[in-house]
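**Q** Numbering (the UniProt record's numbering), first residue to last: 1 to 121.
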Amino acid sequence: MIEFLGWLGFTLLVSTLMPFLLRRLKFWRKGLTFWVRYHHHLALACLAVLTLHGLEALNGRRGWGWGARVHYQNEIISGILAWLVLLVVSVLALSAFRQIPFKRNHCWLVGLLVLLVLYHV
């Protein structure tokens, strides 16, 4: 279940970043409005799924519990850092939502988030 939640969260993260990637790679078409319209909802779903992934990884897997940090210390630290950056990105994006002009401060942190997630995976 831990792996499923992790890969589901990773898929949601990639789908959240899809508008940015498609625009930069010049594959964007005017008809693709699903990802733009539900961009914030996908990011919040990603945050929720990855929170469940982290809680389940910390609290149980065949009786390991918190003692698993001895064996998986690197994964725990990188996962917590990636989750904190995702939380900061979500909070900054929601605080800037519906402001004119739209502040894109959260966009710069996404690069750090991608690096941390790739390191964690």
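By construction, the Cβ of each residue, glycine as well, lies at the ideal position given by its N, Cα and C atoms.
#1: Could you give the DSSP three-state label for Met18: helix, strand or coil?
#2: If you reduce the DSSP assignment to three classes, tell me which class Val70 lands in.
#3: Return the CA-CA distance between His120 and Ile76, expressed in angstroms with no decimal places.
#4: Helix or strand or just coil, what does DSSP make of Tyr119?
#5: When the Cα atoms are used, what is the spatial distance from Gly67 to Leu115?
**A** Looking at the atomic coordinates:
#1: As a position in the sequence shown, residue 18 is number 18, starting the count at 1. It is helical.
#2: The residue you call residue 70 lines up with position 70 of the sequence shown. A caution first: Val70 carries a pLDDT of 47, below 50, which makes its placement in the model unreliable, though a value can still be read off. Three-state DSSP puts Val70 in a helix.
#3: Numbered from 1 along the sequence shown, position 120 holds the residue referred to as residue 120. Numbered from 1 along the sequence shown, position 76 holds the residue referred to as residue 76. Rounded to the nearest angstrom, the two C-alpha atoms are 9 Å apart.
#4: As a first step, residue 119 must be located in the sequence shown, where it is residue number 119. Correct three-state label for Tyr119: helix.
#5: On the sequence shown, residue 67 is found 67 positions in, with the first residue counted as 1. On the sequence shown, residue 115 is found 115 positions in, with the first residue counted as 1. At Gly67 the pLDDT is 48, less than 50, meaning the model places this residue with poor confidence and gives no usable figure here.
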